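Participant:
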Amino acid sequence: MSLKFEKICVIGLGYVGLPTAAVFASRGVQVIGVDTNLATVETINQGKVHIVEPDLDIMVNGAVSTGKLQATSTPQTADAYIIAVPTPFKDDHKPDLSFVKDAALSIAPVLEAGALVIIESTCPVGTTDKVSQWLAGARSDLSFPHQAADDADVQISHSPERVLPGKVLLELVRNDRVIGGMSRRCAERTAALYKIAVEGECLLTTAATAELVKLSENAYRDVNIAFANELSLIADKMDINVWEAIELANHHPRVNILQPGPGVGGHCIAVDPWFIADGAPDESPLIQSARKVNDGKPGHVVKQILAAAKESGATTIACLGLAYKANIDDMRESPAVEITAALADAFDGEVLVVEPNSPNLPEALAESEGIKLTDLETALNKAQVIALLVDHQEFKDIDKSRLEGKAVIDTRGIWR
Ligand code: SAJ
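According to our numbering, the sequence shown is numbered sequentially starting from 1.
Structure below.
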């Protein structure tokens, strides 16, 4: 096996894996993209994408048409493997590492001495070490870093993705990259791989530190959003405009309060802090409180919307947006979906939903009677209550005169 990276295998072709695969392919590396979802594999091999992310379609199309990116459902022997699969939590907020384990075991049969394995999925501290042990269990003919450190046949690192949905292609290249090697050699080889595509600095550390760094970044943001969300409850109670209060407070040179919203969604910030709580339950009361504040916000918004509907005698409520944040289609852990589902249960009339980035309702809403996906024009014409749940550009562009005479719950402060 050469020490060059001529061929890499990216396991998991989702919001992180697919852009990563496309960026490496655009730099001339032969990339095999692997996904267990056959429809995803087929879509990509046609040069198309299954997710909404600016410019990704163009890059994937280019990579597939030059033959540098090929999708398949089984890994192949490669110089490096990048694992970018989900790490959700179970009902009790305990981390679910089954996707990472399955991905690791799927590459075990094709691993050769000299290969590099990188885990990009956000993981609880200790996961990279577990991957090394799982692989060793499957391949006793090879040595791994938990056994042989720098002398191992296979190198393993954790290099967490830190890209912001909506700006993935830009941030993938420009962001600094934290690289946690299970040994120094693991880290150095991983940096050599990323330097093919990354313009940001590669910062080398241990695997466990890199795991905690990634979790800390998202927990930091969660705690700060919780502060803004708590302020919004306080301001509502005191009948003060929270958006104005925050804007004025942020004129202080050392204050930068984030924006309140309907809650925190997405597969990262609403999930990762629980991995810290699971690893250090007694040491993380602030992080756990922040999660509870943010998880409580959708319930508050539902009460506001129902109160407005009652007061105005409304028969139709329009929910604008289902994605977890602006200008994307990702609905994972989305507070907007949670709010819409709760409204459908509690409201006797009709709930109209507008989501410009998706042609279908998500599974969680598809079965609900009383919910109808419609276009913006119909929703604005019919509804007496307008609940703005996501600050998509299409909603920012609404002429304010269209809202006159309606009860408006603007959870993102775009029409204040
Ligand atoms: N939100 C607010 N108020 C704010 C900012 C965000 O309510 O002021 C809400 C959003 O509406 C959304 C949620 O928080 O529901 C999360 O959105 P986000 O834009 O803060 O972050 P994500 O989840 O899209 O991406 C985060 C990023 N992490 C940090 O900014 C520290 C990204 O860099 C990570 O790569 C990503 O998580 C990840 O995959 O871990």
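For each residue, glycine too, the CB sits at the ideal point set by N, CA and C.
It should be emphasised that the depicted structure is a prediction, and the values quoted were computed from it without experimental measurement.
#1: I need the straight-line Cα distance from Val10 to Leu380, nearest angstrom please.
#2: Going by C-alpha to C-alpha distance, which of Glu355, Asp348, Gln393 sits closest to Val337?
#3: Relative to the C-alpha of Pro109, which candidate in Asp91, Asp96, Ile118, Thr77 has its C-alpha closest?
#4: With DSSP collapsed to three states, give me the class of Asp164.
#5: Am I right that Ile257 and Ala249 are in contact with their C-beta atoms under 8 Å? What's the rounded C-beta distance?
#6: Does Glu6 pass the burial test, meaning 16 or more other C-beta atoms within 10 Å, or should it be called exposed?
#7: For a test of your reading of the model: does the CB of Pro165 fall under 6 Å from any non-hydrogen atom of the ligand SAJ? Yes or no.
#8: Mapping DSSP to helix, strand and coil, what is Met1?
#9: Given a cut-off of 7 Å, decide if Val163 and Leu172 are closer than it, judged by their beta-carbon atoms.
#10: Measure the alpha-carbon distance for Ala235 versus Ile225 and round it to whole angstroms.
#11: Under the DSSP definition of a beta bridge, which residues are partnered with Ile240?
#12: Let me confirm a value: Ser232 is counted as buried when at least 16 other C-beta atoms fall within 10 Å, else exposed. Which label applies?
#13: Comparing alpha-carbon positions, which option in Ala136, Asp150, Pro281 lies nearest Lys94?
#14: By a C-beta neighbour count over all protein chains shown, 10 Å radius and 16 as the cutoff for buried, is Asp399 buried or exposed?
#15: Under the DSSP definition of a beta bridge, which residues are partnered with Thr206?
#16: First and last residue of the alpha helix (DSSP H) that includes Ala152?
#17: Closest to Cys319 by CA distance: which of Asp96, Thr87, Arg402, Ile386 is it?
#18: Below 6 Å, is the gap between the Cβ of Ile225 and the nearest heavy atom of the ligand SAJ?
#19: Hey, would you say the C-beta of Tyr194 is under 6 Å away from at least one heavy atom of the ligand SAJ?
#20: Which residues share a DSSP beta bridge with Ser157?
#21: Starting from the C-beta of Val85, find all residues in its chain whose C-beta is less than 8 Å away, skip the five residues before and the five after it, and write them out in chain order.
#22: DSSP on Gly265, reduced to helix/strand/coil?
#23: Counting Cβ pairs, one atom from each stretch, are 3 or more of them under 8 Å apart for the region 278 to 294 and the region 342 to 359?
#24: Along the chain, which unbroken stretches of the alpha helix (DSSP H) at least 4 residues long are found entirely within the region 84 to 117?
#25: Inspect the beta-carbon positions of Pro19 and Leu169 and report whether they are closer than 7 Å.
#26: Please name the residue in Asp330, Gly181, Phe275, Thr411 whose C-alpha comes closest to that of Lys54.
#27: Report buried or exposed for Gln155, applying the criterion of at least 16 other Cβ atoms within 10 angstroms of its Cβ.
#28: With 16 other CB atoms within 10 Å as the buried threshold, where does Ser2 fall?
#29: Can you determine whether any heavy atom of the ligand SAJ sits closer than 6 Å to the C-beta of Arg177, and answer yes or no?
#30: Restricting to runs no shorter than 4 residues, where is the alpha helix (DSSP H) found entirely within the region 362 to 387?
#31: Per DSSP, which one or two residues make a beta bridge with Ile418?
#32: Does the beta-carbon distance from Asp150 to Arg189 come in below 7 Å?
#33: Could you give the first and the last residue of the continuous alpha helix (DSSP H) run that contains Val60?
#34: Taking only the alpha-carbon atoms, compute the straight-line gap between Lys406 and Pro165 and give it to the nearest angstrom.
Facilitator: According to the structure shown:
#1: To locate residue 10, count along the sequence shown from 1; it is residue 10. To locate residue 380, count along the sequence shown from 1; it is residue 380. If I take the Cα positions, the gap works out to 44 Å.
#2: If you number the sequence shown from 1, residue 337 lands on position 337. Cα-wise, what sits closest to Val337 is Glu355.
#3: For the purposes of this step, residue 109 is taken as the residue at position 109 of the sequence shown. The shortest C-alpha separation from Pro109 is found at Thr77.
#4: Stepping through the sequence shown from its first residue, residue 164 is reached at position 164. Here residue 164 turns out to be Leu, not Asp, going by the sequence shown. Reduced to three states, the DSSP call for Leu164 is coil.
#5: The sequence position of residue 257 within the sequence shown is 257, counting from 1. The sequence position of residue 249 within the sequence shown is 249, counting from 1. About 6 Å separates the two Cβ atoms, so the contact holds.
#6: Counting from one through the sequence shown, the residue named residue 6 turns up at place 6. Flag for Glu6 reads exposed.
#7: Looking up residue 165 in the sequence shown gives position 165. Yes, the ligand SAJ has a heavy atom inside 6 Å of this Cβ.
#8: Within the sequence shown, numbered from 1, the residue matching residue 1 stands at position 1. Model confidence at Met1 stands at a pLDDT of 43, short of 50, so the residue's coordinates are unreliable; what they give is reported in the following sentence. Met1 falls in the coil class under three-state DSSP.
#9: As a first step, residue 172 is located in the sequence shown; it is residue number 172 there, counting from the start. As a first step, residue 163 is located in the sequence shown; it is residue number 163 there, counting from the start. Cβ distance < 7 Å, so Leu172 and Val163 count as in contact.
#10: Position 235 of the sequence shown, counting from 1, holds the residue named residue 235. Position 225 of the sequence shown, counting from 1, holds the residue named residue 225. Distance between the alpha carbons of Ala235 and Ile225: 15 Å.
#11: Taking the sequence shown and counting its residues from 1, the one referred to as residue 240 is at position 240. Ile240 is not bridged to any residue.
#12: Translated into the one-based positions of the sequence shown, residue 232 becomes position 232. Buried, because 16 or more other Cβ atoms sit within 10 Å of the Cβ of Ser232.
#13: Counted from its first residue, the sequence shown places residue 94 at position 94. Checking every option, the nearest Cα to that of Lys94 belongs to Pro281.
#14: Residue mapping note: residue 399 aligns to position 399 of the sequence shown, counting from 1. Looking at its Cβ environment, which holds fewer than 16 other Cβ atoms inside 10 Å, Asp399 is exposed.
#15: The residue labelled residue 206 in the question sits at position 206 within the sequence shown. Looking at the DSSP assignment, Thr206 forms a beta bridge with Gly181.
#16: Residue mapping note: residue 152 aligns to position 152 of the sequence shown, counting from 1. From DSSP, Ala152 is part of no alpha helix (DSSP H); its letter is neither H nor E.
#17: Stepping through the sequence shown from its first residue, residue 319 is reached at position 319. Taking only the C-alpha atoms, the option nearest Cys319 is Ile386.
#18: For this step, residue 225 is matched to residue 225 along the sequence shown. Because some heavy atom of the ligand SAJ lies under 6 Å away, the Cβ of Ile225 counts as near it: yes.
#19: Locating residue 194 in the sequence shown gives position 194, where the first residue counts as 1. No; taking the cut-off as 6 Å, the Cβ of Tyr194 has no heavy atom of the ligand SAJ nearer than that.
#20: Position 157 of the sequence shown, counted from the first residue, corresponds to residue 157. Its beta-bridge partners are Ile118, Gly181.
#21: Translated into positions along the sequence shown, residue 85 becomes position 85. Contacts found: Ile11, Gly12, Gly14, Gly17, Phe99, Val100, Asp102, Ala103, Ser121.
#22: Reading the sequence shown from its first residue, position 265 is the one you call residue 265. Residue state, collapsed to three classes: coil.
#23: no
#24: 98 to 107
#25: Within the sequence shown, residue 19 is the residue found at index 19, counting from 1. Within the sequence shown, residue 169 is the residue found at index 169, counting from 1. Yes, these two residues count as a Cβ contact at 7 Å.
#26: Along the sequence shown, read from residue 1 onward, the residue named residue 54 stands at position 54. Here residue 54 is Pro; the residue named in the question, Lys, does not match the sequence. When only C-alpha atoms are compared, the closest one is Asp330.
#27: Counted from its first residue, the sequence shown places residue 155 at position 155. That one is buried.
#28: On the sequence shown, position 2 is the one that residue 2 refers to. Because Ser2 carries a pLDDT of 48, less than 50, the predicted location of this residue cannot be relied on, and the following value inherits that uncertainty. Classification of Ser2: exposed, given that the 10 Å Cβ count is below 16.
#29: Counting from one through the sequence shown, the residue named residue 177 turns up at place 177. No, the beta carbon of Arg177 sits no closer than 6 Å to any heavy atom of the ligand SAJ.
#30: 363 to 366, 376 to 382
#31: Absent from the structure is residue 418, since the part of the chain shown begins at 1 and ends at 416.
#32: Residue numbering aside, residue 150 sits at position 150 when the sequence shown is read from its first letter. Residue numbering aside, residue 189 sits at position 189 when the sequence shown is read from its first letter. No. Outside cutoff.
#33: Translated into positions along the sequence shown, residue 60 becomes position 60. It spans 56 to 65 - the alpha helix (DSSP H) in which Val60 sits, taken as one unbroken run.
#34: Sequence index remark: in the sequence shown, residue 406 carries index 406 (1-based). Sequence index remark: in the sequence shown, residue 165 carries index 165 (1-based). Computed Cα separation, rounded: 33 Å.
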